[in-house]
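First residue of the sequence shown: 770, per the working numbering; consecutive thereafter. Note that beta-carbon positions come from the ideal geometry of N, C-alpha and C, so glycine has one too. Below you'll find the structure, written out as structure tokens, and then a few comments.
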Amino acid sequence: MSFSLIPGQVLGSIYDLAPETLRSSGVTLVLADLDNTLVPYEEALPSPALTAWKEALEKNGVALFVVSNSRKSRRCPDFCAALGVGCVRHAGKPGVKGFREALEKSERQPSEALMVGDQIFTDILGANRAGIKKVLVKPIAWGKNPGRILRYAAETPFRLWGRLRMKRKERL
């Protein structure tokens with residue numbers, strides 16, 4: 770298990786992940802955080818843009834699967850049913866149990882998966898520990914929760930480090 774808080778890539782949103790590029794790089798499964806990655810907190814249904822992105826993934830042989838720490842009993846399962854994707858809720862990120870369960874349900878290996886999320890201390894650390902490629906996206910909304918705002922602020926150096934690492938790779 771690797772302990773790293775540095776994302777493999779830092780992007781603006783999930784829509785910056787081109788399905789064709791994912792597939793050509795060997796990714797057949799996108800694991801995604803739900804809240805503030807795919808949709809704002811409290812949003813009950815997938816947007817048309819999210820549905821279209823999920824369909825584009827599928828056309829390229831890439832499945833979408835949600836890995837969420839959400840504690841709300843019906844939020845994650847209901848949202849994922851509306852989107853037509855599987856999910857693991859109460860995933861316990863940054864622990865690896867939720868990631869392993871998602872891989873098992875999807876019948877994929879860590880080398881075939883990519884995790885996309887908005888938080889360093891849960892999504893990125895958990896993906897690193899599970900041996901999964903990882904992409905950090907900008908949170909959809911900062912929200913009104915002071916704890917979340919402080920957490921995002923604490924993540925700033927790691928976001929910057931991830932961006933710097935991306936720029937160095939682009940130059941090589």
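Based on the DSSP output, what are the partners of residue i in its beta bridges?
i    : result
V835 : A801 and C856
L780 : V906
V808 : D804
Just to confirm, are residue i and residue j a CB contact at a threshold of 8 Å?
i    : j    : result
S773 : N897 : yes
V831 : D802 : no
I775 : F927 : yes
L826 : L819 : no
V865 : T806 : no
The beta strand (DSSP E) that contains residue i, what's its start and end?
i    : result
G886 : A882 to G886
K902 : K902 to V906
Could you say which of the options lies nearest to residue i if we only look at CA atoms?
i    : options                   : result
P908 : V808, I775, A787 and G777 : V808
G931 : I918, A910, V906 and R920 : V906
E824 : P846, F868 and V854       : V854
S816 : A899, F927, L852 and L826 : L852
E789 : D847, G777 and K828       : K828
A923 : V904, T891, G900 and I901 : T891
R920 : I889, L798, K874 and P879 : I889
What is the residue span of the alpha helix (DSSP H) that residue i lies within?
i    : result
N897 : L894 to A899
F868 : K866 to S875
S793 : P788 to S793
P817 : P817 to K828
Does the contact criterion of 3 or more C-beta pairs under 8 Å hold for the segment 855-863 versus the segment 830-840?
yes
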